[in-house]
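Shown next, in structure tokens, is the structure this report addresses.
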Amino acid sequence: MSDEKRHGSGSVQPGDTSKRVGAEVVRERGGDPEEIRETLIDAIGAEFTTYYYYTNLRCFLAGEEDLKEITEDARLEDRAHFELVMPRVFELGGKLPNDIRDFADRASCPDAYLPDDPTPANILETLLEAERCAIRTWAEVCDMTRDCDPRTYDMAQRIYNEEVDHEAWFIELLSRERDGEANPAGHFARGEPGDAPYSTNNRMNDSA
């Protein structure tokens with residue numbers, strides 16, 4: 001009986017640390033790991049900058065505690081999205097830009113600036129459009145990876161699920177605040193701010 005095992009070897013030579021099987025199998029299945037990697041950097045650049053901008057937007061919802069709570073959920077979950085995907089950039093042979101300004105410039109979504117007239121309705125509209133950009137971004141990543149990169153696809157669809165939640169929240173809140181209409185999200189906020197039920201990494205210790 002042969003000792004050879006079907007997956008015991010492949011295109012990466014034993015002991016070769018210049019290549020990663022986790023990237024090469026993507027290529028063998030028709031994907032482009034370099035393109036995926038660069039798209040991920042752009043996508044998590046948007047998540048990272050959105051976390052920053054949402055911090056400012058939340059502060060200007062002074063006195064609107066219900067709006068602040070939902071914004072805080074979305075803010076912390078966007079940070080969780082960055083934390084979830086960042087290691088995948090390195091697994092695919094990449095790295096983050098050395099300069100945070102370059103990282104922000106690469107973000108796949110526009111900056112979510114505080115509106116000139118920072119009314120609750122205007123802030124909610126800014127939040128809503130930021131979430132819609134995120135949905136489009138992660139849908140694109142899902143399309144790129146569905147048939148070739150199960151690890152990245154799993155991450156992207158988990159984030160996509162949460163971004164759809166965020167859009168529904170802000171549609172409900174903006175409809176009430178601006179239009180005086182009920183346009184239900186169909187679900188509640190998280191149990192705790194930033195729970196990120198789909199995307200939070202499994203915590204190995206309290207620093208995770």
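For reference, each letter of the sequence shown is one residue, going 1 to 208 in UniProt numbering. Where a beta carbon is used, it is the ideal one built from N, C-alpha and C, also for glycine.
Cutoff 7 angstroms; reference M1; Cβ partners in own chain excluding five residues on either side: Position 1 of the sequence shown, counted from the start, is the residue given in the question as residue 1. Note that M1 has pLDDT 46, beneath the 50 cutoff, so the model's placement of it is unreliable and no number is given.
Taking F60 as part of the alpha helix (DSSP H), name the residues at either end of that continuous run. As a working mapping, residue 60 is identified with position 60 in the sequence shown. F60 -> no alpha helix (DSSP H), and no H or E assigned at all.
Consult DSSP for E181 and reduce its assignment to one of helix, strand or coil. Residue 181 sits at position 181 when you count from the first residue of the sequence shown. Reduced to three states, the DSSP call for E181 is coil.
So, are the CB atoms of A43 and S108 less than 7 angstroms apart? As a working note, residue 43 is residue 43 in the sequence shown. As a working note, residue 108 is residue 108 in the sequence shown. Yes; because the gap between Cβ atoms is below 7 angstroms, this pair is in contact.
Check whether the Cβ atoms of T126 and P115 sit closer than 7 angstroms, and answer yes or no. Counting from 1 along the sequence shown, the entry for residue 126 is found at position 126. Counting from 1 along the sequence shown, the entry for residue 115 is found at position 115. Yes, the pair counts as a contact, with Cβ atoms nearer than the cut-off.
How many angstroms separate the CA atom of R203 from the CA atom of R27? One-based indexing of the sequence shown puts residue 203 at position 203. One-based indexing of the sequence shown puts residue 27 at position 27. Its pLDDT being 47, under 50, R203 is placed unreliably in this model, and the value from its coordinates should be taken loosely. Roughly 31 angstroms separates the two Cα atoms.
Compute the Euclidean distance between the alpha carbons of T49 and A104, then round it to the nearest angstrom. By 1-based counting over the sequence shown, the position of residue 49 is 49. By 1-based counting over the sequence shown, the position of residue 104 is 104. Their Cα atoms are separated by approximately 6 angstroms.
Cβ pair G94, A23 closer than 7 angstroms: Taking the sequence shown and counting its residues from 1, the one referred to as residue 94 is at position 94. Taking the sequence shown and counting its residues from 1, the one referred to as residue 23 is at position 23. Result no, Cβ atoms of G94 and A23 do not sit closer than 7 angstroms.
Rounded to whole angstroms, what is the Cα-Cα separation between D78 and E4? Indexing the sequence shown from 1 puts residue 78 at position 78. Indexing the sequence shown from 1 puts residue 4 at position 4. One C-alpha to the other measures close to 45 angstroms.
For D116, verify whether its CB is less than 6 angstroms away from any heavy atom of the ligand SAH. The ligand SAH is absent from the structure shown, which contains no ligands of any kind.
Rounded to the nearest angstrom, what separates G15 and D99 at their Cα positions? What you label residue 15 is simply residue 15 of the sequence shown in a count that begins at 1. What you label residue 99 is simply residue 99 of the sequence shown in a count that begins at 1. Approximately 33 angstroms between the Cα atoms of the pair.
Near R20, what residues of its chain come up, given a Cβ to Cβ distance below 8 angstroms and the 5 sequence neighbours on each side ignored? Locating residue 20 in the sequence shown gives position 20, counting from the first residue. Cβ within range, chain order: V12, E91, L92 and G93.
Tell me where the alpha helix (DSSP H) around N122 begins and ends. Numbered from its first residue, the sequence shown carries residue 122 at position 122. Here the alpha helix (DSSP H) through N122 covers P120 to T145.
Sorted by chain position, which residues of the same chain lie with C-beta nearer than 8 angstroms to V164's C-beta, five sequence neighbours on each side aside? Counted from its first residue, the sequence shown places residue 164 at position 164. Cβ within range, chain order: I135.
DSSP state of R203, grouped into three classes? Here residue 203 refers to the residue found at position 203 of the sequence shown. Confidence at R203 is low in this model, with a pLDDT of 47, below 50, so the placement of that residue is unreliable and no value is reported for it.
Nonlocal neighbours in the same chain, by C-beta distance under 7 angstroms from residue 228, ignoring five residues either side: Nothing about residue 228 can be read from this structure; the chain reaches only from 1 to 208.
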